[in-house]
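*Asks:* According to UniProt numbering, the sequence shown holds residues 1 to 166 in order.
The C-beta atom is built at its ideal place from N, Cα and C for all residues, glycine as well.
Keep in mind the model is a prediction, meaning the values are calculated, not measured.
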Amino acid sequence: MTDRLKPLARGEVAAVLVPDRPRKLPELGFKDASGKSLSLKDFAGKTLLVNMWATWCAPCREEMPALDSLQGELGGPDFQVVAVSIDTQQPDKAKAFLNELKIAKLGFFQDASGKLFQDLKLVGRAVGLPTTLLIDKEGCEIGYLPGPAHWASEDAKKMIRAAIGR
Numbered sequence: 001m002t003d004r005l006k007p008l009a010r011g012e013v014a015a016v017l018v019p020d021r022p023r024k025l026p027e028l029g030f031k032d033a034s035g036k037s038l039s040l041k042d043f044a045g046k047t048l049l050v051n052m053w054a055t056w057c058a059p060c061r062e063e064m065p066a067l068d069s070l071q072g073e074l075g076g077p078d079f080q081v082v083a084v085s086i087d088t089q090q091p092d093k094a095k096a097f098l099n100e101l102k103i104a105k106l107g108f109f110q111d112a113s114g115k116l117f118q119d120l121k122l123v124g125r126a127v128g129l130p131t132t133l134l135i136d137k138e139g140c141e142i143g144y145l146p147g148p149a150h151w152a153s154e155d156a157k158k159m160i161r162a163a164i165g166r
């Protein structure tokens, strides 16, 4: 799988780091809009683009419309964008921000405890925001981007389609 993705890390997604083989991740937890606890296991069988963001992060704010567009175009039974707000103070601010931008296709996910970011930091996968992980159907990392990207670009969509197997 990762051999197929490496040549697609170019253009708008040239900074995506693709490991030599899928990498197991620690149990990653967060909550949905209703406050229900979730983990990657709840998305088993789906390829995921997990994006950690915060309202105080300017590049995060800029890439949110592209993530919404990507979810609208490619989201479905085999793929989902999971954008997780890690705002730890005033967590309701994240919902208000998404409403203000008219983000309608992304679900709302949140980790107000900051544990998700810390868990990824322990395995060298979170140094700042935004941080994005491309995760295969088995829950393994197949791509990692420390920083922003234009996720609605053709380059990004080619990479995502290859990861999904479309």
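1. Rounded to the nearest angstrom, what separates P130 and S85 at their Cα positions?
2. Does the Cβ of A14 have 16 or more other Cβ atoms within 10 Å, making it buried, or fewer, making it exposed?
3. Considering only the beta carbon of each residue, do P22 and I164 sit closer than 9 angstroms?
4. May I ask you to list the residues that DSSP assigns as paired with D68?
5. Leaving out the 5 sequence neighbours to the left and right, which residues in its chain are closer than 7 angstroms to F30 when beta-carbon positions are compared?
6. May I ask you to report which of helix, strand or coil DSSP gives P59?
7. Hey, quick one: how far does the beta strand (DSSP E) through D32 stretch, first residue to last?
*Replies:* Taking the coordinates as given:
1. 10 angstroms
2. exposed
3. no
4. D68 pairs with nothing; no bridge assigned.
5. L38, V84, F109, Q110, D111 and L116
6. helix
7. G29 to D32
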